[in-house]
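In this note's numbering, the protein residues as written are 21 to 253.
Just below is one structure, and these are the notes that go with it.
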């Protein structure tokens with residue numbers, strides 16, 4: 021970005037004032053005096069009168085409809101990582117995981133504090149899914165899923181399960197075991213054909229199409245913080 025925008029975004033001065041400082045030779049980029057209109061890259065060191073100016077990173081909170089095939093990692097070596105797919109101008113990280121073969125709601129942010137609060141399993145934050153399977157959904161199956169299923173050397177927590185169609189059901193979990201829903205279904209003789217997360221806590225997927233994202237509203241953020249603080253007390 022242009023030098024004057026960099027200094028303005030950092031809250032140091034106006035763009036006009038930044039241009040005057042550059043004209044007066046008081047601004048350096050990587051140790052060299054910067055002319056008016058100079059371009060600044062992400063890792064450049066910008067100083068005014070010898071004092072380094074570092075812009076505050078704006079906190080970003082996104083609700084994203086992760087398509088199938090995208091991996092919930094910021095690791096650049098992963099070809100289909102979610103960060104490269106999103107191409108958001110500020111570096112953000114996924115909150116938790118949604119496996120590669122699944123789709124639906126994923127939260128991304130650069131706020132480490134809120135990430136830690138959401139990820140604490142002991143907080144029992146709800147996550148809701150729609151699941152399509154290869155066989156008709158029976159009442160016995162729903163009851164077994166709701167009561168808890170033995171997987172991964174444990175028994176899953178009781179949860180809410182509701183039939184949505186002949187081969188489709190919704191499930192609300194309060195834990196995040198590895199590929200939990202798929203393993204629960206497999207243990208009961210079912211195979212998941214499609215899995216879509218539609219809600220995390222108070223945040224819903226409503227209105228988003230695969231690959232689309234939106235910023236969380238102030239009300240959504242306020243409620244998340246209240247829930248996290250309430251569980252930590």
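The C-beta atom is built at its ideal place from N, Cα and C for all residues, glycine as well.
Local conformation of residue i per DSSP, three classes
| i | result |
| --- | --- |
| residue 105 | helix |
| residue 84 | strand |
| residue 127 | strand |
| residue 215 | strand |
| residue 25 | helix |
| residue 160 | helix |
| residue 253 | At residue 253, the pLDDT of 46 sits below 50, so the modelled position is not reliable; the number obtained from the coordinates is stated separately. Coil at residue 253, not helix or strand. |
| residue 118 | coil |
Residues near residue i by beta carbon distance below 8 angstroms, same chain, minus five either side
| i | result |
| --- | --- |
| residue 55 | 42 |
| residue 138 | 115, 116, 127, 145, 220, 221, 244 and 248 |
| residue 98 | 91 |
| residue 36 | 24 |
| residue 71 | none |
| residue 129 | 79, 80, 81, 82, 112, 113, 115 and 135 |
| residue 45 | 53 |
| residue 95 | 101 |
Residues bridged to residue i [DSSP beta-bridge criterion]
| i | result |
| --- | --- |
| residue 139 | Looking at the DSSP assignment, residue 139 forms no beta bridge with any residue, so it has no partner. |
| residue 247 | Answer by DSSP bridge pairing: none, since residue 247 is not bridged. |
| residue 147 | 193 and 220 |
| residue 234 | 83 |
| residue 112 | According to DSSP, residue 112 bridges with nothing at all. |
Close beta carbons around residue i, own chain, < 6 angstroms, minus the five adjacent residues each side
| i | result |
| --- | --- |
| residue 182 | 190 |
| residue 57 | none |
| residue 40 | none |
| residue 210 | 153 and 155 |
| residue 131 | 79 |
| residue 30 | 73 and 75 |
Residues near residue i in its chain [Cβ-Cβ closer than 7 angstroms; skip 5 each side]
| i | result |
| --- | --- |
| residue 235 | 81 and 82 |
| residue 224 | 218 |
| residue 240 | 222 and 223 |
| residue 253 | Any answer about residue 253 is weak, because its pLDDT of 46 lies below 50 and its placement is not dependable; what the coordinates show is given next. Excluding residues within five positions, none has a Cβ falling inside 7 angstroms. |
| residue 177 | 168, 194 and 195 |
| residue 28 | 34, 35 and 38 |
Meets three-Cβ-pair contact criterion under 8 angstroms: the region 142–152 and the region 190–201: yes
Complete beta strand (DSSP E) runs within the region 168–197 (minimum length 3 residues, chain order): 180–185 and 188–193
Which whole runs of the alpha helix (DSSP H) in the region 31–96 are 4 residues long or more, in chain order? 35–43
Take every Cβ of the region 105–122, pair it with every Cβ of the region 76–91, and state whether three or more of those distances are shorter than 8 angstroms. yes
How do the region 196–215 and the region 159–168 stand: do at least 3 beta-carbon pairs fall below 8 angstroms, yes or no? yes
Any 3 or more C-beta pairs closer than 8 angstroms across the region 227–245 and the region 70–88: yes
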